[in-house]
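**Student:**
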Amino acid sequence: MSIFTETKVIDQITVSENGIVLYREATRILKDDEQIAQTYHRTSLTPGQDLTGQPANVVAICNAAWTDEVVAAYQAQVAASQIQQG
(Lines of atoms letter the chains of each structure in order from A and count residues from 1; the text may use other names and numbers.)
(Lines give C-alpha, C1' and ligand atoms only; values in the text may rest on other atoms or scores of the structure.)
Protein backbone atom coordinates (compact mmCIF):
# COMPACT_ATOMS: atom_id res chain seq x y z
CA MET A 1 0.00 0.00 0.00
CA SER A 2 1.34 3.43 -0.96
CA ILE A 3 1.96 6.13 1.61
CA PHE A 4 1.21 9.72 0.63
CA THR A 5 2.67 12.67 2.53
CA GLU A 6 2.64 16.43 2.12
CA THR A 7 5.50 18.70 3.12
CA LYS A 8 5.80 22.47 3.03
CA VAL A 9 9.08 24.33 2.84
CA ILE A 10 10.17 27.91 2.23
CA ASP A 11 12.45 27.33 -0.74
CA GLN A 12 13.13 30.90 -1.84
CA ILE A 13 13.52 34.26 -0.07
CA THR A 14 14.42 37.46 -1.94
CA VAL A 15 14.88 41.04 -0.79
CA SER A 16 14.19 43.68 -3.44
CA GLU A 17 16.04 46.96 -3.82
CA ASN A 18 13.38 48.88 -1.88
CA GLY A 19 13.28 46.34 0.97
CA ILE A 20 10.25 44.28 -0.02
CA VAL A 21 10.77 40.66 1.05
CA LEU A 22 9.33 38.04 -1.28
CA TYR A 23 9.19 34.39 -0.38
CA ARG A 24 7.97 31.20 -1.95
CA GLU A 25 6.51 28.23 -0.11
CA ALA A 26 6.62 24.91 -1.93
CA THR A 27 4.05 22.26 -1.10
CA ARG A 28 5.34 18.86 -2.11
CA ILE A 29 3.26 15.72 -2.41
CA LEU A 30 5.22 12.53 -1.91
CA LYS A 31 4.24 8.96 -2.68
CA ASP A 32 6.44 6.46 -0.89
CA ASP A 33 9.03 9.24 -0.35
CA GLU A 34 9.14 10.10 -4.06
CA GLN A 35 7.87 13.52 -5.11
CA ILE A 36 4.90 13.27 -7.46
CA ALA A 37 3.59 16.86 -7.38
CA GLN A 38 4.57 20.35 -6.26
CA THR A 39 2.76 23.66 -6.01
CA TYR A 40 3.95 27.12 -4.99
CA HIS A 41 2.49 29.97 -2.98
CA ARG A 42 4.22 33.35 -3.12
CA THR A 43 3.99 36.09 -0.51
CA SER A 44 5.41 39.61 -0.34
CA LEU A 45 6.04 41.66 2.79
CA THR A 46 6.63 45.40 2.84
CA PRO A 47 9.17 47.10 5.11
CA GLY A 48 7.74 47.63 8.57
CA GLN A 49 4.82 45.24 8.04
CA ASP A 50 3.58 43.17 10.99
CA LEU A 51 5.31 39.79 10.88
CA THR A 52 2.94 37.93 13.18
CA GLY A 53 2.37 34.42 11.88
CA GLN A 54 5.17 34.50 9.32
CA PRO A 55 7.73 31.65 9.19
CA ALA A 56 10.73 32.12 11.50
CA ASN A 57 13.31 32.10 8.70
CA VAL A 58 11.38 34.79 6.83
CA VAL A 59 11.11 36.91 9.99
CA ALA A 60 14.87 36.65 10.48
CA ILE A 61 15.51 37.94 6.95
CA CYS A 62 13.01 40.79 7.41
CA ASN A 63 14.58 41.81 10.71
CA ALA A 64 18.01 41.90 9.07
CA ALA A 65 16.88 43.75 5.94
CA TRP A 66 14.46 46.25 7.48
CA THR A 67 16.75 48.75 9.10
CA ASP A 68 15.22 52.02 10.28
CA GLU A 69 16.62 53.65 7.13
CA VAL A 70 15.05 51.06 4.81
CA VAL A 71 11.64 51.38 6.48
CA ALA A 72 11.78 55.20 6.34
CA ALA A 73 12.83 55.18 2.67
CA TYR A 74 10.02 52.77 1.76
CA GLN A 75 7.43 54.85 3.60
CA ALA A 76 8.70 57.99 1.83
CA GLN A 77 8.46 56.20 -1.53
CA VAL A 78 4.86 55.16 -0.82
CA ALA A 79 3.93 58.69 0.29
CA ALA A 80 5.50 60.22 -2.85
CA SER A 81 3.61 57.73 -5.02
CA GLN A 82 0.31 58.63 -3.35
CA ILE A 83 0.93 62.37 -3.90
CA GLN A 84 1.59 61.76 -7.60
CA GLN A 85 -1.61 59.74 -7.95
CA GLY A 86 -3.81 62.09 -5.98
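Note that the numbering used here gives residue 278 to position 50 of the sequence shown, counting from 1, and the numbers run on in steps of one.
The C-beta atom is built at its ideal place from N, Cα and C for all residues, glycine as well.
Check this for me: beta carbons of residue 305 and residue 276, under 8 angstroms apart or not?
**Tutor:** Contact flag unset, no.
**Student:** Beta strand (DSSP E) containing residue 264: first to last residue?
**Tutor:** Start and end: 262-273.
**Student:** Quick one: is residue 247 buried, meaning 16 or more other Cβ sit within 10 Å of its Cβ, or exposed?
**Tutor:** Counting Cβ neighbours within 10 Å, residue 247 comes out buried, since at least 16 surround it.
**Student:** Assuming residue 272 contacts residue 250 (C-beta within less than 8 angstroms), just tell me the rounded distance between them.
**Tutor:** Rounded, the Cβ-Cβ distance is 5 angstroms, consistent with contact.
**Student:** First and last residue of the beta strand (DSSP E) that includes residue 239?
**Tutor:** Its beta strand (DSSP E) spans residues 232-243.
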